[in-house]
């Protein structure tokens, strides 16, 4: 249970930072941008759904399936986030800032939540 709370907390904090930054710095584009990044996150979540469904209902708990799902979800989210930034003519630093926050969030997940990386 603690793992799930930590994982959700990391993802939620990243999401809150994005929304706050968009609200304060994007003026007239804020709501369209927040909608677009919300759809981006939704797409990533939907791509990840087959793994927990397979694990719960079919007792399929394959690490390769999880890693593959995660890689596809992240790749799709990167493309969609970049599309959102360019479509709304938001400066590219938003995209690179998100990539940085994504790298930090993934590192935190792998170290604190899943103990895959040990320092």
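Residue numbers (the working numbering): 58 to 176.
Just so you know, even glycine gets a beta-carbon here, dropped at the ideal spot from N, CA and C.
- Rounded to whole angstroms, residue 117 and residue 167 show a C-alpha spacing of 21 Å.
- The three-state secondary structure of residue 107, taken from DSSP, is helix.
- Ranked by Cα distance from residue 131, the first of 95, 87, 101 is 101.
- Cα atoms of residue 120 and residue 161: separation of roughly 22 Å, rounded to the nearest angstrom.
- Rounded to the nearest angstrom, the gap between the Cα atoms of residue 171 and residue 146 is 37 Å.
- Between residue 80 and residue 89, the C-beta spacing is not below 8 Å.
- Cβ-Cβ separation between residue 164 and residue 134: approximately 16 Å, too far for a contact (criterion under 8 Å).
- Taken atom to atom, the span from the alpha-carbon of residue 126 to that of residue 99 is near 14 Å.
- Burial check for residue 142: the Cβ neighbour count within 10 Å reaches 16 or more, so the residue is buried.
- Taking 3 residues as the shortest admissible run, the stretch 88 to 158 contains no complete beta strand (DSSP E) segment at all.
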